[in-house]
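Please read the structure below before turning to the comments.
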Amino acid sequence: MSDDYGRDKDLHGIPSYFPKNFVLQNIPISVECKRCKENNLFRIGFVLEDLYEFDDGFKIYDTDTSSIGCPEVPLLIQSKMISLFPSVDVFNYTADIDGAHEHTTLPTIRSKFTLKTYFETFIPLIEAEANREREIKEAMKQENVTLRCYDGYEMRLDLLEESIRLQDMMKYAVEKMTWYEKRSEISKVVDSSGECMNNGKKKSTGIMHTVLTGDIIQRKIAKNQSIPSNIDGNTILTPPGFPKLNTSQLVAIEAALSSTNLTLVQGPPGTGKTLVSSAIVYNFVKAQKRKVFIIAPSNTAVDQLAIKINNTGLKVLRVVSKRKEEEASEVDYLSMHVLVNELVSEEVKNKYGNKHGNVPDSYTAVAQEELIKSADVICCTCVTAGQKLFNKHNFPIVLIDEAVQCTEPLTLIPCMYNCEKLILVGDHKQLGPTVLNKEAIKSGFKQSLFERMLSLNVMAYLLSIQYRMNSSLCEFPNEYFYNGYLRTASKDVENMDKDNSMTYDNSNVMSFNSSSIPDKLTNLNSINFFYATYCKEEISQNGTSYINKGEGVIVENIIKYLFRNGVMEQQIGVITPYEGQRSYILNKMVETGNLEISNVDGFQGREKDYIIVSLVRSNSFQGIGFVADKRRMNVTLTRAKYGLIVIGNPFTLYKNRFWGDFLEFYSKKGQIYEGNISNLRGVSLKEIINEETE
């Protein structure tokens, strides 16, 4: 079924808890379509494509909208039976999601808002999420902690917890304190989230109108600001050292530089999203003489962009939080706290600096102001963008990378400073924001501004040529997640798109035709297959995660095999969804060196030459938990450049719709194997399922 059906969870789709082909006999059941109010069970259709894809197909409609028709869909009742239902494990995974908007006590996010309803909706959601985060932090406590005092004022704690970081907020509870007691009153409590939203209300009315309604506004452009008029590459400046931009990249850059106040750029894996963002910034600074505010939800993403843009010759300033200032970073040479320290003279430091070397705020504030004014580009995270040091400045151009990983309020923080043009770069088919409050999730708080604008038919400019994966690795993700719109950078693509000049550089990767590799492995379609195993899952030692020791052994054997055949440790990445399995594999490997073992979130936006995936879940009835998340599945399968091995129990995974489709695809391609790594044999999915059910 087409994506148009799948995107609407309400189109004759109902939550169901019936097994497949459940016969309707003497069961009092009442259902109705939420869109057209049809309640005849035999006239109601069932939307199967993305019904349980709550991250990908999640869409909330304005309850005032009543004139939207319902398309034709497969009937719910066929041959006197309810059919077309997914497997039981899907119900387990999404039971709290379907119908959630009817049960949550928090306000529900709609497609469109008035300014009043926007604040009434988001402020309670922000508060609920903040409260949940605080509860989690306060639950982390230690007992019998020793407190020592030095020099009359400095306190030191002997902590057992190694993850404590600078600027972390800590609460101390003391049963008896006979030697000293002091009480203080709180003079002021600042609600920073509300302050940010109110500032946005006052300062960014143009972009706020678009945020509320999805209506794009043409911004005013000064005569001296050059606007590109075509995509032949002559009017769009290519930064020095950059490869030639392909057509889809040029179209996206032109849209970002246009007079509209909002641009969405969708960058699937390996399509040059960071390169495009850097080129957009370069053109704003060089052609339009505008300062650009670069934002991302994570420090890693900000650092990558800062380095890339700095290499173009622009003056980049990286602003970090107070906590991050004490940590060494690869972008220290761009960081404001380092540059401030260099600007403040030794005379001032000697005269006014205290015993810890700190200079009074008045001196650092002057240096900070000068650095911000002189920079072409300021880079920071969404949260850091709310610091008071930016209050005196205007940032009319805001570019947010990985925008789909930001909740909507986080996206609006950098828009407080008279934003005239907002550019959102991301991919709604990959990981979304992290939200801790379950009620907030039910209200749609995990939906990013990027996704909500898509639901209002705001156009997203797709980067359609990917340079990461070889054609075999790209085949399934392209068809399953991107509807076949992606093309792999190759000679064939270059003939179709003459603007493309990038090709794979695999000089440091072992050749798949090398005589050093046994025949069995060379015949596996450039190391791209599903490794079928039937080892059972276990609860981890701490009782909070899962492990699969059998899969751990297989991962170790594959890594050793790759090592023997010339692959370096830094070329390999291991992805597993569970922390228990990550720790187990890490402890099992004698020497990991630069070998990276992480979860899906840790590999978002990154790549390795070879990726080994351990899915862990292997059971008969319990399901596969959040392994069923389609977005996580996409990220997992698109990190490898040359080789991908997915390890899992096919019988358990096949019960899930998404992984079932994956297995059927790989089975048709002859890419499911089982056995010892040195003696693999091909096996069909039908054969596996028949053996398991006999």
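Residue numbers for the sequence shown follow the UniProt record's numbering, beginning at 1 and rising by one. Glycine residues also receive a C-beta, built at the ideal position from the N, C-alpha and C atoms. All values reported here derive from a predicted model rather than from experimental measurement.
Beta-bridge pairing by DSSP links K421 to I397. Taking 9 angstroms as the cut-off, the Cβ atoms of A385 and M416 count as close. Pairwise C-beta distances place the stretch 638–652 in contact with the stretch 528–542, as three or more of them are shorter than 8 angstroms. For E596, no alpha helix (DSSP H) encloses it; the enclosing beta strand (DSSP E) starts and ends at E596 to S598. Burial check for D215: the Cβ neighbour count within 10 Å stays below 16, so the residue is exposed.
Around the Cβ of Q581, a 10 Å sphere holds 16 or more other Cβ atoms; the residue is buried. In this structure, the straight-line span from the alpha carbon of S443 to that of E129 is close to 12 angstroms. Our two residues, T210 and L262, have alpha carbons roughly 8 angstroms apart in a direct line. For S277, the enclosing alpha helix (DSSP H) starts and ends at K273 to K286. With three or more CB-CB distances shorter than 8 angstroms, the stretch 654–664 counts as touching the stretch 614–630. Here A403 is buried. Its C-beta has 16 or more other C-beta atoms within 10 Å. L245 sits in coil when the DSSP states are folded into three classes, being neither helix nor strand.
Contact between Y610 and I527 is confirmed by a C-beta separation of about 7 angstroms, below the 8 angstroms threshold. S277 and S455 have their C-alpha atoms some 23 angstroms from each other. One thing to note: V331 has its Cβ within 9 angstroms of the Cβ of D303. Membership of Q581 in the alpha helix (DSSP H) is indicated by the continuous run E579 to K588.
Assigned with DSSP and collapsed to three states, D629 falls in coil, not helix or strand. Counting the other CB atoms within 10 Å of its CB gives G566 a total below 16, which places it among the exposed residues.
DSSP lists I645 as the beta-bridge partner residues of F529. The residues F658, in chain order, have a CB closer than 6 angstroms to that of M633 in the same chain once the five nearest residues on each side in sequence are set aside.
For E327, no beta strand (DSSP E) segment is defined, and its DSSP state is neither H nor E. Boundaries of the beta strand (DSSP E) harbouring E674: I672 to N676, taken from the DSSP string. Setting aside the 5 residues that flank it on each side, G670 is surrounded in the same chain by G682, each with a C-beta closer than 7 angstroms to its C-beta; the list follows chain order. Q368 is a Cβ neighbour of V340, given a cutoff of 9 angstroms. Nearest in C-alpha terms to C406, of all of T114, V320, V344 and T381, is T381. Annotated as proximal: T271 and S464, with beta-carbon spacing under 9 angstroms. The closest CA to that of Q447, considering only Y461, N437, M459 and H428, is found on H428.
When secondary structure is reduced to three states using DSSP, I126 falls in the helix class.
A Cβ-Cβ distance of about 26 angstroms is found for the pair Y282 and L343, leaving them out of contact under the 8 angstroms criterion. For M589 and Q570, the gap between their C-alpha atoms comes out near 15 angstroms. In this structure, the beta-carbon distance from L595 to I645 does not fall below 9 angstroms. Residue pairing by DSSP places A460 opposite L264 in a beta bridge. DSSP places A296 in the strand class (E or B) of the three-state scheme. With respect to the C-alpha of Y467, the residue from S618, K324, Y642 and K421 having the closest C-alpha is Y642. Pairing V265 with N679, the inter-Cα distance amounts to about 45 angstroms.
Listed in chain order, the non-local C-beta contacts of Y118 below 7 angstroms within the same chain comprise L212, local neighbours out to five positions each way being set aside.
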